[in-house]
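So the sequences go chain by chain: A and B.
Position 49 (the first sequence) corresponds to 49 in the working numbering; numbering is contiguous.
Position 89 (the second sequence) corresponds to 89 in the working numbering; numbering is contiguous.
For each residue, glycine too, the CB sits at the ideal point set by N, CA and C.
Encoded as structure tokens, the structure appears first; notes follow it.
2 protein chains.
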Amino acid sequence: MADTRTKLLDAALETLRTQGIAGVSARTIATAAGVNQALVFYHFGSVDELLAAACLYGSEQRVALYRERFAAVTSLRELLDLGRALHAEERAEGNVAALAQLLAGSQADAKLAPATAAGLTLWTAELEGVLNRVLSAGPLGEFVDVPGLAKATSAAFVGLELYEGVDPEGAARAFDALEQLGALVGVLEDMGPLATRAVRSHLRKAL
Amino acid sequence: MADTRTKLLDAALETLRTQGIAGVSARTIATAAGVNQALVFYHFGSVDELLAAACLYGSEQRVALYRERFAAVTSLRELLDLGRALHAEERAEGNVAALAQLLAGSQADAKLAPATAAGLTLWTAELEGVLNRVLSAGPLGEFVDVPGLAKATSAAFVGLELYEGVDPEGAARAFDALEQLGALVGVLEDMGPLATRAVRSHLRKAL
DNA sequence: GTCTATAGTCGGATAGAC
DNA sequence: GTCTATCCGACTATAGAC
Numbered sequence: 001m002a003d004t005r006t007k008l009l010d011a012a013l014e015t016l017r018t019q020g021i022a023g024v025s026a027r028t029i030a031t032a033a034g035v036n037q038a039l040v041f042y043h044f045g046s047v048d049e050l051l052a053a054a055c056l057y058g059s060e061q062r063v064a065l066y067r068e069r070f071a072a073v074t075s076l077r078e079l080l081d082l083g084r085a086l087h088a089e090e091r092a093e094g095n096v097a098a099l100a101q102l103l104a105g106s107q108a109d110a111k112l113a114p115a116t117a118a119g120l121t122l123w124t125a126e127l128e129g130v131l132n133r134v135l136s137a138g139p140l141g142e143f144v145d146v147p148g149l150a151k152a153t154s155a156a157f158v159g160l161e162l163y164e165g166v167d168p169e170g171a172a173r174a175f176d177a178l179e180q181l182g183a184l185v186g187v188l189e190d191m192g193p194l195a196t197r198a199v200r201s202h203l204r205k206a207l
Numbered sequence: 001m002a003d004t005r006t007k008l009l010d011a012a013l014e015t016l017r018t019q020g021i022a023g024v025s026a027r028t029i030a031t032a033a034g035v036n037q038a039l040v041f042y043h044f045g046s047v048d049e050l051l052a053a054a055c056l057y058g059s060e061q062r063v064a065l066y067r068e069r070f071a072a073v074t075s076l077r078e079l080l081d082l083g084r085a086l087h088a089e090e091r092a093e094g095n096v097a098a099l100a101q102l103l104a105g106s107q108a109d110a111k112l113a114p115a116t117a118a119g120l121t122l123w124t125a126e127l128e129g130v131l132n133r134v135l136s137a138g139p140l141g142e143f144v145d146v147p148g149l150a151k152a153t154s155a156a157f158v159g160l161e162l163y164e165g166v167d168p169e170g171a172a173r174a175f176d177a178l179e180q181l182g183a184l185v186g187v188l189e190d191m192g193p194l195a196t197r198a199v200r201s202h203l204r205k206a207l
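As structure tokens, then:
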């Protein structure tokens, strides 16, 4: 049986996911946790501070859960497959929806922004590692800014997660299109040495 | 001088942008509009219905503002430039931030979702037109699902907008990386007919 | 159409008993 | 550490005067 602190952290994430940032309050969270509302303030001082702590707690938990699978990726193709799986799993019970709500809340609440940024950084750091392995060695390595691409990917993931909430079929199709585009880049990575050299020199001239 | 209805619509968008979805209420919106709080209910019935109306109103307005510039785009390069400009302009006083907040709110509030989806569709429809012109004719035309890509682009835009709120430098870098990637695809579009045919047949085999 | 006034609910936060 | 009780401000929504 989890202690009250942990119950509140879990309940904060669940409430963010199910009620959104506009629906979180000390009362809604405490109800979800099955504890008294005053304990939010006893343990965390304020609702904002609970949300910030929950953001880090949840992100660390979920990123750790995926770490081995990230580490096992050796090609762009495998990365795209993992992205697809991750999206499905996170949507059901995951951390990305909570992160999206915190991100929306952070636009107006400066006290939330640092924690949200830190939570996102945990994901981007993991992604950066994989992208480095998968892209930097290949022919496209010199043309992509891996840290930037990792951030862009995380941001896009959040956007797609939110989009899925209002148009699930559209989001699925959007995801498919991105996967197509990724596969297209993957093909450039997998070409023979001759064609690789041709594309690479062409890119150097053009960019 | 705008009438009260319009003042409320504009104030709703402004409040969404500055206070976020968690900060909107009949009172905050009415204060921003400089009118009485009860008028929200007289003119729109409820706060949700005002937000839904404002979503459509704002999206139509902004999309119309960009229509000519979208129509003038003839290459992927130009599209990327327009995207960059659009991002900067929308961030300052635009519709994307409000759309992002509504999207976050729609996850928990089913009454908001249809209007948000409709607002997003106005953007994706415009994008689809441009992408069709720019991509469908080129060598990559058969490998990309343009409607899907349009939706993915809109979603990514929303994600980046939210990301910018917590990490402006990171967002700028993410944007740069995507632009790089876009330019890379643009190069594939601009290759000579011989190289084009080689890449195209290679893609056909691989995908 | 616009205002005041108000009912009733829910919110953050604290004091003090146990 | 946890609870009850409470203050007080903000919220949605409506009734009714102008």
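Annotation for Arg133 (chain B): no alpha helix (DSSP H) segment contains it, and DSSP assigns it neither H nor E. For chain A, the residues of the region 155 to 177 of chain B that bring a beta carbon within less than 8 Å of one of its beta carbons are Ala155, Ala156, Phe157, Val158, Gly159, Leu160, Leu162, Tyr163, Gly165, Val166, Asp167, Gly170, Ala171, Arg173, Ala174, Phe175, Asp176 and Ala177, in chain order. The C-alpha of Leu16 (chain A) lies about 25 Å from the C-alpha of Arg91 (chain B). Within the same chain, Cβ atoms closer than 7 Å to the Cβ of Ala150 (chain A) are found at Thr124, Leu127, Glu128 and Leu131, the five residues on either side in sequence being excluded. Contact with chain B is absent for Val130 (chain A), since none of that chain's Cβ atoms lies less than 9 Å from the residue's Cβ. Chain-ordered, the chain B residues with CB closer than 8 Å to the CB of Asp190 (chain A) read Ala206. Inclusion of Phe157 (chain B) and Gly159 (chain A) in the CB contact set at 9 Å is warranted, their separation being smaller than that value. His43 (chain B) and Arg5 (chain B) have their C-alpha atoms roughly 7 Å apart. When B:Gly105, B:Ala195, B:Leu82 and B:Arg67 are compared, the shortest CA-CA separation from Val24 (chain A) is found for B:Gly105. Taking a C-beta distance under 9 Å as the contact criterion, Ala115 (chain B) and Ala52 (chain B) qualify as a contact pair. At a cut-off of 9 Å, the C-beta of Gly138 (chain A) has no neighbouring C-beta in chain B.
In the structure shown, the three-state DSSP call for Lys111 (chain B) is coil. Among the residues of the region 18 to 35 of chain A, those with a Cβ less than 9 Å away from any Cβ of chain B are Thr18, Gln19, Gly20, Ile21, Ala22, Gly23 and Val24, in the order of the chain.
Within its own chain, the residues whose Cβ lies closer than 7 Å to the Cβ of Leu120 (chain B), once the five positions on either side in sequence are excluded, are Leu99 and Ser154, listed in chain order. Using a Cβ-Cβ cut-off of 9 Å, Val134 (chain B) does not count as an interface residue toward chain A, since no Cβ of chain A sits closer than that to its own.
Take Ala11 (chain A), set aside five residues on each side of it, and the residues of its chain with a beta-carbon closer than 7 Å to its own are Ile29, Ala32 and Ala33, in chain order.
Between the alpha carbons of Glu161 (chain A) and Tyr163 (chain B) lies a gap of roughly 14 Å. Counting only residues of its own chain and dropping the five nearest sequence neighbours on each side, Thr74 (chain B) has a CB closer than 8 Å to the CB of Arg133 and Val134.
For His202 (chain A), the neighbours in chain B by C-beta distance under 8 Å run, in chain order, Val187, Met191 and Ala195. Per DSSP, Ile29 (chain B) is one residue of the alpha helix (DSSP H) stretching across Ala26 to Ala33. Taking 9 Å as the CB threshold, Val40 (chain B) stays off the interface with chain A.
By the Cβ rule, the region 134 to 144 of chain B does not count as touching the region 140 to 147 of chain A, because fewer than three pairs are nearer than 8 Å.
Considering only A:Leu203, A:Leu194, A:Leu65 and A:Phe70, the residue with the shortest C-alpha distance to Val187 (chain B) is A:Leu203. Residue burial is scored here from C-beta neighbours: Ala2 (chain B) has fewer than 16 other C-beta atoms within 10 angstroms and is therefore classed as exposed.
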